[in-house]
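Q:
There are 2 protein chains.
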Amino acid sequence: MTRPSDNPPQLVGWLKSLGMTKYEALVYIALLKVTSATASEIHELSGVPRASVYPVLDQLRDKDLVSVSQSAPKRFAAIPPADAIDKLTARIGKNAQQALESLTLIHRERIAAEEGSGELIWNIYGIAGIRKRLAELITHATTDIRIIAHSRVFSEEIKDLLKQCADQVSVEIITPSWEGPVPATMNLYLKKPSVLPKELEGCGDMLAGGVCIIDNKKVMVIVGSAEEDAVALFSESEGFVRFFMRYYGLIVDWVRKA
Amino acid sequence: MTRPSDNPPQLVGWLKSLGMTKYEALVYIALLKVTSATASEIHELSGVPRASVYPVLDQLRDKDLVSVSQSAPKRFAAIPPADAIDKLTARIGKNAQQALESLTLIHRERIAAEEGSGELIWNIYGIAGIRKRLAELITHATTDIRIIAHSRVFSEEIKDLLKQCADQVSVEIITPSWEGPVPATMNLYLKKPSVLPKELEGCGDMLAGGVCIIDNKKVMVIVGSAEEDAVALFSESEGFVRFFMRYYGLIVDWVRKA
DNA sequence: TAAATGTTGTTATAGCAACAACAACAGGTG
DNA sequence: CACCTGTTGTTGTTGCTATAACAACATTTA
């Protein structure tokens, strides 16, 4: 009739992350394939050991995911998937909300007792994390954004964000190449790193990664160039920011002259 | 400084249902209490064994819930709770959506191959489950709702639902007592079960539970009267429905005469 | 009727994987 | 050396997974 193995292999995993056990998932899936079934039928349909079917059905009934008939032998039926997922996510969502309340309470308590922002330098691993953080930075920028970076850094999402905020904040970008439209309000300089002059030697390698300065307050430096092991540093530390603003100044001066 | 035990005892449980382990939760909570911390500080702050702190921090970093400083020794900081909960729920929500798609696919395949609705009688255990199912039934009613039931069954939620749909569908209710306002469009009969006439003897006990008929198609019978072990039967089976519509008719005839 | 057979639902228990907790050790620093 | 960091490996515990065995009951067969 219905082959038990023609469902996505990850499906059980998905359901597990929603709070079900492997057996609960298998039994529920099996019950969806029929109008109703006895424990033994469920055992055959799901592959779950017959003896394990009973406690699992109890658990599913506790979660209101199956209903039980009055007949003997008992017959079981699954509630529609939409309802089931709703019930599961509702429970998790409730937990999430309560957790959020408690956590923000703890967090606020600390934030209140805090004077200046940290003097630390943070790591961001991987190009994905870098892009994500960069997106956050761009979103929260208030006065100006200045970026020197390899084109690889500019994902579609980041280009979109830059376009959106180019009206409100000053945007200046130096990169080897740029695909797609460029807003008029955005200052874009295209420069190959290979044509850097002698006096800036050593800085060239860095163009493979990049520097991003936000509001003259926050700096993100991309130091790993290869796609696989890209690493970025981020800091709001005064000295750190001052150094890279100086570095940025060097580059941008030369770019403007050329 | 901050006592580690002044957070809700269920908080760890909530976070666990969001896919974190106990240690991950403890470490994250601890990190919220400070700007940043070394592994040893986290160990003291969270109570997690020092050696376990390192792998746990790795996991948290994989989930983008903490950032790592470049300094030696490394320092760790938590991302804001709102962001963290967002990330966790987003991942689960994605799984939920994918699971839903797969499950509905399986379900539809079965529904399509199915002729009539089931001829089975289903159990609902406990007053809470009964009320929930009753609420669903009322919500999906299209033409009429008829209920004989003890007042205990009518929770505030159910009264609200009845009020809301009293305009679109015919609503008729027989119950010993009713608190709160009664919509004009709703037919409400107040009858004590004790004054039932001789010819309906034996039906009296049932008033302690109740009968609910929806659209002349679905019937729910509440057979256990006590709060603790209330049990309801539900069926769309033709014979079952016919029997209880007849039973309902007996009662309602007598009620109208009185 | 009595014995044999099969099914349902329950209980006990062994196996297993992930997590939790601890001990030990190399490297670095004052 | 004494101390701290970061890593590794071992052990204990827990909860899910899996199998076996059993009592209760109905059905079949001699």
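Chains as they are written, first to last, in my numbering: chain A, 2 to 259; chain B, 2 to 259. Backbone N, C-alpha and C define an ideal beta-carbon position, used for all residues, glycine too.
Runs of 3 residues minimum, wholly inside the stretch 115-163 of chain B: which ones carry the beta strand (DSSP E) assignment?
A: Those beta strand (DSSP E) runs which fall completely within the stretch 115-163 of chain B and span 3+ residues are 122-126, 145-150.
Q: When burial is assigned at 16 or more other CB atoms within 10 Å of the CB, is T143(A) buried or exposed?
A: T143(A) should be labelled exposed.
Q: From this set, P182(A), G130(A), Y24(A), L33(A), which residue's C-alpha is nearest G48(A)'s C-alpha?
A: Nearest option by C-alpha distance: Y24(A).
Q: Pull up the distance between the alpha-carbon of I148(A) and that of P10(B), whole angstroms please.
A: Using only the alpha carbons, I get a separation of about 46 Å.
Q: List the residues of chain A that R111(B) touches, going by C-beta distances under 7 Å, in chain order.
A: L33, K34, V35, listed in chain order.
Q: Short check: CB of V13(A) to CB of A26(A), under 8 Å?
A: Cβ distance < 8 Å, so V13(A) and A26(A) count as in contact.
Q: Thinking just about the alpha-carbon of each residue, which of L46(A), L66(A), S41(A), K64(A) is nearest to the one in Y55(A)?
A: Ranking the options by Cα distance to Y55(A), first place goes to S41(A).
Q: Helix, strand or coil for K95(B) per DSSP?
A: Note: K95(B) maps to helix in three-state DSSP.
Q: Between R134(B) and F235(B), how many whole angstroms is the CB-CB distance? I'm expecting something under 8 Å.
A: That pair is a contact at about 7 Å.
Q: For C213(B), write down the residues that DSSP places opposite it in a beta bridge.
A: Per DSSP, I148(B), M221(B).
Q: Can you tell me whether R76(A) is buried or exposed? The criterion is at least 16 other CB atoms within 10 Å of its CB, across all chains shown.
A: When all chains shown are included, R76(A) counts as buried.
Q: Please report the straight-line C-alpha distance between V183(A) and L251(A), rounded to a whole angstrom.
A: If you take the alpha carbons of V183(A) and L251(A), they lie about 24 Å apart.
Q: On a CA-only basis, which of I86(B), S103(B), T105(B) is nearest E102(A)? Give me that one, please.
A: Taking only the C-alpha atoms, the option nearest E102(A) is I86(B).
Q: Runs of 3 residues minimum, wholly inside the stretch 35-74 of chain A: which ones carry the beta strand (DSSP E) assignment?
A: The stretch 35-74 of chain A contains these whole beta strand (DSSP E) runs: 67-70.
Q: Residues of the stretch 52-78 of chain A in Cβ contact with chain B at a cutoff of 9 Å, in chain order, please.
A: Those residues of the stretch 52-78 of chain A that come within reach of chain B (Cβ to Cβ, closer than 9 Å) are R62, D65, S68, V69, S70, Q71, S72, K75, R76, A78.
Q: What residues from chain B crowd round H108(A), counting only those whose CB sits closer than 7 Å?
A: L33, P81, P82, listed in chain order.
Q: Can a CB atom of chain A be found closer than 8 Å to the CB of P9(B)?
A: At least one chain A Cβ lies under 8 Å of P9(B).
Q: Report yes if the C-beta distance between I80(B) and S68(B) is below 8 Å; otherwise report no.
A: A contact, by the Cβ cut-off of 8 Å.
Q: Using 8 Å as the threshold, is the stretch 159-175 of chain B in touch with the stretch 183-193 of chain B, meaning 3 or more CB pairs across them?
A: They touch, by the three-pair rule.
Q: Consider the Cβ of I43(A): report whether some Cβ of chain B lies at a distance smaller than 8 Å.
A: Not closer than 8 Å to any Cβ of chain B, the Cβ of I43(A) fails to qualify, so no.
Q: Given this structure, state the Cα-to-Cα distance separating N217(A) from I159(A), to the nearest angstrom.
A: Rounded to the nearest angstrom, the two C-alpha atoms are 20 Å apart.
Q: Under 8 Å, CB to CB, which of the residues in the stretch 130-156 of chain B have a partner in chain A?
A: Listed by position, the residues of the stretch 130-156 of chain B near chain A (Cβ gap below 8 Å) are G130, K133.
Q: Spatial neighbours of M246(B) within its chain, please: CB distance less than 8 Å, with the 5 preceding and 5 following residues excluded, ordered by chain position.
A: These residues qualify, in order along the chain: I214, N217, V220.
Q: Is it buried or exposed, A83(A), if we count other Cβ atoms within 10 angstroms and call 16 or more buried?
A: The residue is exposed, with fewer than 16 neighbouring Cβ atoms inside 10 Å.
Q: Hey, how far is the Cα of S18(A) from the Cα of V242(A)?
A: Their backbone Cα atoms lie some 42 Å apart in a straight line.
Q: Does T105(A) get closer than 8 Å to chain B when you measure Cβ to Cβ?
A: Closer than 8 Å: yes.
Q: Using CA atoms only, rank isn't needed, just tell me which of V224(B), D65(B), G127(B) is closest to N124(A).
A: Nearest of V224(B), D65(B), G127(B) to N124(A), Cα basis: D65(B).
Q: Kindly list, in the order they appear in chain A, the residues whose Cβ is closer than 8 Å to that of I30(B).
A: L104, I107, listed in chain order.
Q: Assign A231(B) to one of two classes, buried (16 or more other C-beta atoms within 10 Å of its C-beta) or exposed (fewer than that).
A: That one is buried.
Q: Would you kindly work out how many angstroms separate the C-alpha atoms of T105(B) and V28(A), rounded to a whole number?
A: Using only the alpha carbons, I get a separation of about 15 Å.
Q: In chain order, what residues of the same chain lie with their CB nearer than 8 Å to the CB of T39(A), ignoring the 5 residues before and after it?
A: The answer, listed in chain order, is P74, K75, R76, F77.
Q: Could you have a look at M2(A) and say whether DSSP puts it in helix, strand or coil?
A: Bear in mind that a pLDDT of 45 at M2(A), under 50, signals an unreliable position, so the model cannot answer this.
Q: Can you have a look at R51(A) and say buried or exposed, based on whether 16 or more other CB atoms are within 10 angstroms of its CB?
A: Exposed.
Q: Can you tell which of V35(B), A113(B), F155(B) has its C-alpha closest to the C-alpha of P177(B)?
A: Of V35(B), A113(B), F155(B), the residue nearest in Cα terms is F155(B).
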